[in-house]
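In what follows, a structure is listed as structure tokens, so that the remarks can point back to it.
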Amino acid sequence: MDPRTAWYQPEQTGLVHDIWTSIIESVIGVDNMSFNNPNLDQTNKDFIPLDFPKNLNQRICDKNEQNSLKNCQNLHICKRKRENKASTYGFNRLIYKHYLSDGCLTPWIPQGRLYHQPAVIWLHEEIKDFYQYMSHTAEEQAMRQDVVNRITDVIKELWDTAEVEVYGSFKTGLYLPTSDIDLVVNGKWAKLPLFTLEDALLRKGITDKESVKVLDKDSVPVVKLTDSKTEIRVNISFNVQTGTKSALLIMGFVKDYPVLKYLVLVLKQFLLQRDLNEVFTGGISSYALILLVISFLQLHPREDARNPNLNMGVLLVEFFELYGRHFNYLNTGISVKDGGRYRPKDDICKHMYNGHRPAFLCIEDPLTPGNDIGRSSYGVMQVIKFFEYAYLVLSYALAPHNACLIKGHQSILGRIVRVTPEVVDYRRWIQETFPVTKDPPLPVCQALRAEHTPMWQPLPLNRGPSVGMTTIISAFSW
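Pasting the structure below:
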């Protein structure tokens with residue numbers, strides 16, 4: 001099992017699973033010890049030295065203890081410092097078994113919450129709870145605004161006429177607790193002052209040398225940093241006019257499609273915990289993901305996706321089914337302009353900049369004609385594979401004949417998405433550090449106050465691809 005992709009589901013665990021997993025992990029551990037154990041000399045000595053130190057036994061014990069501790073740190077991934085607090089890498093290991101038990105790592109489910117049957121309605125209600133829980137709080141908004149204000153002050157000291165604008169997920173409100181902040185600095189320079197800004201941020205203590213990087217060779221040069229005070233990552237670019245325009249475009253689509261924000265937040269978490277939420281880590285950008293969801297809703301063959309009462313559980317499964325199994329990536333490009341459509345790549349190629357050919361994941365930029373949003377997504381095949389995995393897992397859990405699999409307080413959405421303890425602790429720290437009211441901070445896992453009235457239009461799920469969807473996809477399968 002790919003440690004980035006999945007973990008064992010409740011019905012897959014048991015005594016036999018634990019025994020075999022323990023054996024496999026022990027074999028892997030022995031192999032690692034054979035190659036990495038520093039106690040083993042590179043060459044075996046053929047004699048016993050007489051001049052060994054008096055405290056040799058104690059030194060050997062201390063060394064073995066240090067090596068054992070080091071091996072434990074390597075094995076227990078959750079205890080090492082990770083850049084991605086939401087990462088679920090390695091959750092298929094036996095040491096995480098207690099994490100995956102009932103109610104663990106699914107803090108969006110309020111205590112005592114019972115979902116309605118059948119399972120498609122259960123998943124719909126759970127997606128709503130997930131959105132309510134993962135949406136930003138007033139404290140998280142205040143913390144991010146504090147980061148923006150401190151960086152803006154540094155920029156204004158350098159160039160008092162420069163304008164700093166926020167775009168991306170912080171602008172649209174579709175951000176997760178650990179999402180980046182995107183800033184654009186508008187001004188007039190003969191040469192982009194990337195390194196000048198880097199030096200100023202270091203002098204002011206906004207970041208440190210290990211947490212800042214200047215990507216001056218990218219198509220869009222950017223200063224990437226991690227704020228020392230809050231551990232929030234920030235991307236700063238210069239004179240990028242499409243940033244704020246794209247944020248306004250997405251905000252318009254959020255108003256047109258009420259279910260969009262729910263699906264986007266689930267999908268962003270799905271990719272984030274697998275380290276596929278950024279192009280340079282082999283994933284896709286948040287902008288590309290949102291455009292995929294918009295296109296899916298625009299061209300849905302059976303339902304008016306502007307209806308706020310659609311079953312989001314069915315929509316989520318159909319999204320994974322379309323982009324994980326059926327979409328013709330070889331010949332088809334995606335456009336969300338003018339109500340959305342699929343375009344042959346041969347047609348798109350005629351309008352590309354600098355003679356570029358459409359990428360495997362080809363998404364036409366709605367703001368810049370000739371620009372392919374998916375051009376830099378070199379690892380998109382991994383994303384497609386994970387989409388298919390999510391479709392298989394969810395469709396299996398939602399099938400009527402598998403209703404007995406979901407018991408008690410188990411989670412259907414938790415089969416593909418989890419929230420790590422690091423994220424929960426981080427949110428609690430934010431509430432305590434950046435209070436916005438005089439009331440004491442509430443625990444992050446508080447029971448939701450929202451009324452849980454069912455809002456759905458159940459759609460049949462145990463079926464093959466719909467005729468309408470198949471017709472749309474096959475239209476470009478030449």
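Per full-length UniProt numbering, residue 1 is the first one in the sequence shown, and the count goes up by one each step.
Every residue, glycine too, gets a C-beta built ideally from N, C-alpha and C.
Residues of its chain near residue i, where Cβ-Cβ distance is below 8 Å and the 5 sequence neighbours each way are ignored
| i | result |
| --- | --- |
| Glu65 | Its pLDDT being 46, under 50, Glu65 is placed unreliably by the model, and the measurement read from it follows with that caveat. Counting only Cβ-Cβ distances below 8 Å, and skipping sequence neighbours, we find nothing. |
| Val444 | Here Val444 scores only 44 on pLDDT, less than 50, and its place in the model should not be relied on; the value that follows carries that caveat. Same-chain partners within the cutoff: Pro107, Val424, Arg427, Arg428 and Gln431. |
| Cys349 | Arg357 and Pro358 |
| Asp208 | Leu202 and Ser228 |
| Leu249 | Pro366 and Leu367 |
| Leu299 | Gly340, Arg341, Tyr342 and Ile472 |
Supposed contact pair residue j and residue i - C-beta distance, whole angstroms, cut 8 Å
| i | j | result |
| --- | --- | --- |
| Ile363 | Leu291 | 5 Å |
| Glu126 | Leu413 | 5 Å |
| Ile406 | Ala119 | 6 Å |
| Ser295 | Ile334 | 5 Å |
| Pro366 | Lys337 | 5 Å |
| Thr196 | Leu225 | The pair is not a contact, with the Cβ atoms about 14 Å apart (cut-off 8 Å). |
Beta carbon of residue i nearer than 8 Å to that of residue j
| i | j | result |
| --- | --- | --- |
| Ile206 | Val154 | yes |
| Thr178 | Val423 | yes |
| Val317 | Ser395 | yes |
| Val147 | Asp227 | yes |
| Thr172 | Ala86 | no |
| Val212 | Leu201 | yes |
| Phe387 | Tyr323 | yes |
| Asp372 | Ala359 | yes |
| Ala397 | Arg415 | yes |
| Leu105 | Val419 | yes |
Neighbourhood of residue i by C-beta distance below 6 Å, restricted to the same chain and skipping five residues each side
| i | result |
| --- | --- |
| Thr43 | Bear in mind that a pLDDT of 48 at Thr43, under 50, signals an unreliable position, so the number given afterwards is only what the model happens to contain. Cβ neighbours of Thr43 beyond the five flanking positions: none. |
| Glu83 | none |
| Gln117 | none |
| Asp346 | none |
| Asn277 | Leu271 and Gly283 |
| residue 481 | Here the chain has residues from 1 to 478 only, and residue 481 is not among them. |
| Ala162 | Ile155, Val185 and Gly187 |
Cutoff 7 Å; reference residue i; Cβ partners in own chain excluding five residues on either side
| i | result |
| --- | --- |
| Phe476 | Bear in mind that the predicted position of Phe476 carries a pLDDT of just 38, short of 50, making it unreliable; the figure below should be weighed with that in mind. Hits under 7 Å: Asn328, Asn331, Thr332, Tyr342 and Pro344. |
| Ser169 | Tyr175, Ser179 and Ser286 |
| Lys245 | Leu367 |
| Asn149 | none |
| Arg306 | Asp256 and Tyr257 |
| Thr242 | Leu367 and Thr368 |
| Lys204 | Val154 |
Residue from the options with nearest C-alpha to residue i
| i | options | result |
| --- | --- | --- |
| Pro308 | Leu265, Lys255, His401 and Lys337 | Lys255 |
| Met251 | Ala162, Phe320, Val240 and Tyr175 | Tyr175 |
| Met381 | Gln410, Arg427 and Arg325 | Arg325 |
| Asp199 | Ile151, Gly173 and Asn402 | Ile151 |
| Pro107 | Val417, Glu432 and Thr433 | Val417 |
| Leu297 | Gly340, Thr172 and His409 | Gly340 |
| Pro258 | Ile384, Tyr131, His409 and Leu123 | Tyr131 |
| Arg270 | Ala359, Ala190, His116 and Phe320 | In the sequence under discussion, the amino acid at residue 270 is Phe, which differs from the Arg named in the question. Checked all of Ala359, Ala190, His116 and Phe320; the closest Cα to Phe270 is Phe320. |
| Asn235 | Val164, Leu398, Val419 and Asp129 | Val164 |
| Ala190 | Leu105, Gly283, Asp160 and Phe238 | Phe238 |
| Gln111 | Phe434, Gln410 and Thr433 | Gln410 |
| Pro400 | Phe360, Thr161, Leu361 and Trp122 | Trp122 |
| Pro435 | Thr88, Pro358, Glu140 and Arg375 | Glu140 |
| Thr433 | His124, Leu322, Thr230 and Asp346 | Thr230 |
| Gln145 | Lys350, Val166, Phe360 and Leu289 | Val166 |
| Tyr89 | Cys404, His356 and Gln273 | Gln273 |
| Gly374 | Met352, Glu388, Asp160 and Ile109 | Met352 |
| Gly187 | Glu210, Asp160 and His356 | Asp160 |
| Leu289 | Arg357, Leu361, Pro421 and Leu192 | Leu361 |
| Val222 | Asp208, Lys209, Leu192 and Arg203 | Leu192 |
| Asp304 | Leu260, Asn277 and Tyr115 | Leu260 |
| Val185 | Arg203, Lys156 and Glu210 | Lys156 |
| Asn311 | Lys204, Arg113, His124 and Glu210 | His124 |
| Val293 | Thr281, Phe253, Gly282 and Asn277 | Phe253 |
| Gly379 | Met143, Thr281 and Leu299 | Thr281 |
Residue i at chain B interface by Cβ criterion, 8 Å
| i | result |
| --- | --- |
| Arg428 | Of the chains in the structure shown, none is chain B; there is only one protein chain. |
The ligand MG heavy atom lying under 7 Å from the CB of residue i
| i | result |
| --- | --- |
| Glu157 | Among the ligands in the structure shown, none appear at all, so the ligand MG cannot be discussed. |
Can we say the stretch 181-196 touches the stretch 255-267, given the rule of at least three CB pairs closer than 8 Å?
The stretch 181-196 is not in contact with the stretch 255-267.
Would you call the stretch 127-143 and the stretch 209-220 in contact, with 3 or more CB pairs under 8 Å?
Counting Cβ pairs under 8 Å, fewer than three are found: no touch.
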